[in-house]
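Before any comments, here is the structure.
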Amino acid sequence: MPDSPSSSAPSAEEIIASQTREIESLRENVLDHEDTLRHLESQHDVLESFCFGLEQEHEKARRALETTKTELQASYDKLRALSDEQDDILAHVKQGILTIGRELTINPGYSRITESMFERSPLAGIPFESLFVGDPSMRARIRRYVELCFAELYASPQVLERLNPAKECPFVVRRANGETTTKLFSFSFARIKQGRDEAARAPVTKLMVVVDDRTAEYELNRELARRTKEHAAKVEKAYRLVMLPPDVVRDFISEAAQAIDQIERDGVTHTPRAMQVAHSLKGNARALGLDDLATATHVVEEVLGLRETGEPFRAALANVKREVADGEQLFQRMVGVRAALRTSVEERAHGIETTLRNLVAREADGSDKQIDFEFATDLPKGLSPRLLLRIKNALVQLVRNAIAHGVERAPDRIEAGKSPSARIEVSIRQEGAMLVVQCRDDGRGIDTERLRAAAVARGQIARDAAEKLDDAAAMRLVFATGVSTQSTVDELSGRGVGMDVVKDSVESSGGEVSVTSEAQRYTLFVLRFPHEEGDTPHAPRVASNERLESGGGERTALP
Amino acid sequence: MKVLIVDDSALARGLIRRTIQENAAGRTIDFVEAMNGEEALARLHEGNIDLALVDWNMPVLDGLAFVKQVRGLHMELPIVMITAVSDEEKIHEACLAGVSEYLEKPIQGPDLWARIKGYVK
Chain A
1 MPDSPSSSAP
11 SAEEIIASQT
21 REIESLRENV
31 LDHEDTLRHL
41 ESQHDVLESF
51 CFGLEQEHEK
61 ARRALETTKT
71 ELQASYDKLR
81 ALSDEQDDIL
91 AHVKQGILTI
101 GRELTINPGY
111 SRITESMFER
121 SPLAGIPFES
131 LFVGDPSMRA
141 RIRRYVELCF
151 AELYASPQVL
161 ERLNPAKECP
171 FVVRRANGET
181 TTKLFSFSFA
191 RIKQGRDEAA
201 RAPVTKLMVV
211 VDDRTAEYEL
221 NRELARRTKE
231 HAAKVEKAYR
241 LVMLPPDVVR
251 DFISEAAQAI
261 DQIERDGVTH
271 TPRAMQVAHS
281 LKGNARALGL
291 DDLATATHVV
301 EEVLGLRETG
311 EPFRAALANV
321 KREVADGEQL
331 FQRMVGVRAA
341 LRTSVEERAH
351 GIETTLRNLV
361 AREADGSDKQ
371 IDFEFATDLP
381 KGLSPRLLLR
391 IKNALVQLVR
401 NAIAHGVERA
411 PDRIEAGKSP
421 SARIEVSIRQ
431 EGAMLVVQCR
441 DDGRGIDTER
451 LRAAAVARGQ
461 IARDAAEKLD
471 DAAAMRLVFA
481 TGVSTQSTVD
491 ELSGRGVGMD
501 VVKDSVESSG
511 GEVSVTSEAQ
521 RYTLFVLRFP
531 HEEGDTPHAP
541 RVASNERLES
551 GGGERTALP
Chain B
1 MKVLIVDDSA
11 LARGLIRRTI
21 QENAAGRTID
31 FVEAMNGEEA
41 LARLHEGNID
51 LALVDWNMPV
61 LDGLAFVKQV
71 RGLHMELPIV
81 MITAVSDEEK
91 IHEACLAGVS
101 EYLEKPIQGP
111 DLWARIKGYV
121 K
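Note that the protein sequences, when read in sequence, are chains A and B.
Be aware that the first sequence starts at 1, since it is given in the numbering used here, and climbs by one per residue.
Be aware that the second sequence starts at 1, since it is given in the numbering used here, and climbs by one per residue.
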């Protein structure tokens, strides 16, 4: 039997069929690849557009970054400026300013002055309450208060302010050398919250503390309180004096002065006698209700009893003297007060009198001149206040001059055979249409020779002219402008401050001035004013030489 | 506005009410009163209270406990504590509990008004 051709060798058809299948398969493959390629191509496109997008995004991001960087720099600069400004403020502000953090310690930024207020450096990092070195209970209160301030609260700032334990706080400063001083500080606290949002219950991030040094103010107030008390005591004393008859007071004051002299003299040498005198002075003072004087005298007695005749005795006696002097001064003022209750012209006259008496007391005090001052007046009604003021001002000058240059020191007077007390007499009287004002002292008189020399020295007058002047004319040189100024001339002439002013004042109101004097006996100034100020003066009168007469007014002498 | 007055003393409640009435002329104010903290909480829950004035020492539920409960419920109304307690630490305690204002007894009309007028609308 023969082999089939198909089993021995493939027939052409078979080959073709096989190749066709292969071709088919290849074609399918190609198609597949083409598909893949297309797919890949489209994928590529997608990727490509994605990449483009990415690039754009990237560019955008880069630009955004750039902007952010610029903004950041600007913010940083602004912050820097703010911080510099804050540093500036803290360096220059005159108040203590600091902040406390939530840990209740002091933050690093505080005003420069704060360290010197607390005399402590540095302050940063220390617990705030530890500043209060002087007072443990205050430390505890401050701590509690600061804790409260940091809490979330419904309470208003006013409530916290009321609870502030250090509104006015004695503050002990302890120095490095161990010394302490107490100041008076005023602390105020403000709660600082996060952000600008002032929401009532936002958490408090820090407390700002402002410190004011009130020490000076406090001391001023204390001084004021002390003075007020002192003043009240004086008023009390015045009240007691005013309740007493003037004669009693006058007598008492002079007795007290004698007693003080005696205590001073006998304190060391005859202590028991001095004690007796002190004891009786104390009793009298007590009887008159002058308790301060009684107390001061009691101290003298005690000191003498202990034989403390040195410094303690002198100090105690000085207190007594001061009390008596105070009393005397008050009494003098009351003389003025009593006078003020009279009619208006009298009132003004006594205004003049009081002024002059005070002047004499003041000027003679501390000098070794003793002066009896007399004042007499019968002022008519209806004088203008201006005229009275002129009279007063003129008399102030005249009396001051008399004290400074007219009357001698007590030892000089004794040596010259005079009484140790000098006398200054002032009178104001009406004489027809004129008011005659006189001021007389019994001092050394005006030395016309020296007056001539002084006027020549000042170029006021030629030497030969000066020599030709008679004594009365020479004496008028005392009113010359140049002669009346400053001490060099004073020393030469022994006269003159303000005399030209007196003369001008009198003459400008239509009046006239004159002066007479006798060496070693007296000097008398006479001023004549027209009754009504501004009136034309009446016929000029010859300068009066007359002595002071005791007028119709009352005469009083200084005790 | 509606004001809640919490005090176990009728006298004190009357004084507080009159003080507000006299000073708040021209404003319409309703008063609600309670004898203790517990009653006060009940009144509060009935609603519309704008301001509470509370005594500290009261039976049943005292003022401090009342304030703590109110704040625990996140109620924001202003509460004024009126108290004979003047001890600083106690007042701190009241502030920490959430009082808006405090006033020491005995009640003086002008002082009371000065402290609360900011809350009276």
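All residues carry an ideal CB built from backbone N, CA and C; glycine is no exception.
Can you pull the chain B residues whose beta carbon is under 8 Å from the beta carbon of residue i, in chain order?
{"i": "Ser-156 of chain A", "result": "Ser-100, Glu-101 and Gly-118"}
{"i": "Arg-618 of chain A", "result": "No information on residue 618 of chain A is available, as it lies outside the stretch 1 to 559 that chain A covers here."}
{"i": "Leu-148 of chain A", "result": "His-92, Cys-95 and Leu-96"}
{"i": "Leu-163 of chain A", "result": "Glu-88, Ile-91, His-92 and Cys-95"}
Does any residue of chain B bring its CB to less than 9 Å from the CB of residue i?
{"i": "Thr-343 of chain A", "result": "Caution is warranted here: a pLDDT of 46 is assigned to Thr-343 of chain A, below 50, making its placement in the model unreliable, and no coordinate value can be reported."}
{"i": "Leu-104 of chain A", "result": "no"}
{"i": "Val-210 of chain A", "result": "no"}
{"i": "Val-159 of chain A", "result": "yes"}
With a threshold of 9 Å between beta carbons, is residue i in contact with chain A?
{"i": "Pro-59 of chain B", "result": "no"}
{"i": "Ile-79 of chain B", "result": "yes"}
{"i": "Glu-76 of chain B", "result": "yes"}
{"i": "Arg-71 of chain B", "result": "yes"}
{"i": "Ser-9 of chain B", "result": "no"}
{"i": "Arg-13 of chain B", "result": "no"}
When you compare each of the options to residue i by their alpha carbons, which one comes out closest?
{"i": "Gln-397 of chain A", "options": "A:Asp-368, A:Ala-472 and A:Val-506", "result": "A:Val-506"}
{"i": "Leu-61 of chain B", "options": "B:Ala-25, B:Glu-89, B:Ala-42 and B:Ile-49", "result": "B:Ala-42"}
{"i": "Gln-370 of chain A", "options": "A:Thr-355, A:Leu-389, A:Pro-380 and A:Ile-414", "result": "A:Ile-414"}
{"i": "Val-300 of chain A", "options": "A:Arg-222, A:Ala-259 and A:Gln-73", "result": "A:Ala-259"}
{"i": "Val-3 of chain B", "options": "B:Ala-10, B:Asp-111, B:Cys-95 and B:Leu-51", "result": "B:Leu-51"}
{"i": "Arg-390 of chain A", "options": "A:Thr-36, A:Ser-25 and A:Glu-512", "result": "A:Glu-512"}
{"i": "Gln-69 of chain B", "options": "B:Pro-110, B:Gly-26 and B:His-45", "result": "B:His-45"}
{"i": "Val-133 of chain A", "options": "A:Gly-125, A:Tyr-145, A:Arg-120 and A:Ala-124", "result": "A:Arg-120"}
{"i": "Ala-274 of chain A", "options": "A:Asp-292, A:Gly-305 and A:Asp-291", "result": "A:Gly-305"}
{"i": "Ala-151 of chain A", "options": "A:Glu-179, A:Phe-128 and A:Gly-101", "result": "A:Gly-101"}
{"i": "Val-478 of chain A", "options": "A:Leu-330, A:Asn-401 and A:Thr-68", "result": "A:Asn-401"}
{"i": "Leu-359 of chain A", "options": "A:Asn-393, A:Arg-265 and A:Arg-463", "result": "A:Asn-393"}
{"i": "Pro-411 of chain A", "options": "A:Ala-361, A:Ser-367 and A:Leu-524", "result": "A:Ser-367"}
{"i": "Pro-110 of chain B", "options": "B:Ser-9, B:Leu-15 and B:Ile-5", "result": "B:Leu-15"}
{"i": "Ala-176 of chain A", "options": "A:Leu-72, A:Pro-420 and A:Ser-116", "result": "A:Ser-116"}
{"i": "Arg-143 of chain A", "options": "A:Arg-174, A:Glu-22, A:Glu-103 and A:Arg-440", "result": "A:Glu-103"}
{"i": "Arg-250 of chain A", "options": "A:Glu-328, A:Arg-362, A:Lys-237 and A:Leu-82", "result": "A:Glu-328"}
{"i": "Glu-219 of chain A", "options": "A:Val-436, A:Ala-202, A:Thr-182 and A:Ile-253", "result": "A:Thr-182"}
Run down chain B in chain order and give the residues with a C-beta less than 9 Å from the C-beta of residue i.
{"i": "Leu-565 of chain A", "result": "In the structure displayed, chain A extends from 1 to 559; residue 565 of chain A sits before or after that span and is not available."}
What residues from chain B crowd round residue i, counting only those whose CB sits closer than 7 Å?
{"i": "Ala-151 of chain A", "result": "Leu-96"}
Using a beta-carbon distance cut-off of less than 8 Å, what residues from the segment 86-120 of chain B approach chain A?
Listed in sequence order: Glu-88, Glu-89, Ile-91, His-92, Cys-95, Leu-96, Gly-98, Val-99, Ser-100, Glu-101, Tyr-102 and Gly-118.
Cβ pair count under 8 Å reaching 3, the segment 511-527 of chain A against the segment 446-460 of chain A:
Enough Cβ pairs lie closer than 8 Å, so yes.
Is the segment 161-181 of chain A touching the segment 100-116 of chain A in the sense that three or more CB pairs, one from each, lie closer than 8 Å?
No, the segment 100-116 of chain A is not in contact with the segment 161-181 of chain A.
Against chain B: residues of the segment 135-146 of chain A by CB proximity under 8 Å
Taking 8 Å as the Cβ-Cβ cut-off against chain B, the residues of the segment 135-146 of chain A that qualify are Arg-141, Arg-144 and Tyr-145.
Segment contact, 8 Å Cβ cut-off, at least three pairs: the segment 182-193 of chain A with the segment 208-219 of chain A:
Result yes; three or more Cβ-Cβ pairs closer than 8 Å.
Answer yes if the segment 418-432 of chain A comes into contact with the segment 372-385 of chain A, meaning at least three C-beta pairs across the two stretches below 8 Å, and no otherwise.
Enough Cβ pairs lie closer than 8 Å, so yes.
Inspect the CB distances between the segment 260-272 of chain A and the segment 351-370 of chain A and report whether three or more fall short of 8 Å.
In short, these stretches do not touch, since the Cβ pair count stays below three.
The segment 300-312 of chain A contacting the segment 324-339 of chain A, beta-carbon criterion three pairs below 8 Å
Of all C-beta pairs linking the segment 300-312 of chain A to the segment 324-339 of chain A, fewer than three are shorter than 8 Å, placing the two stretches out of contact.
The segment 90-99 of chain A touching the segment 138-153 of chain A, judged by at least three CB pairs closer than 8 Å:
These segments do not touch.
Should the segment 76-93 of chain B be regarded as contacting the segment 30-42 of chain B, the criterion being three or more beta carbon pairs within less than 8 Å?
At 8 Å Cβ cutoff, the stretches do not touch.
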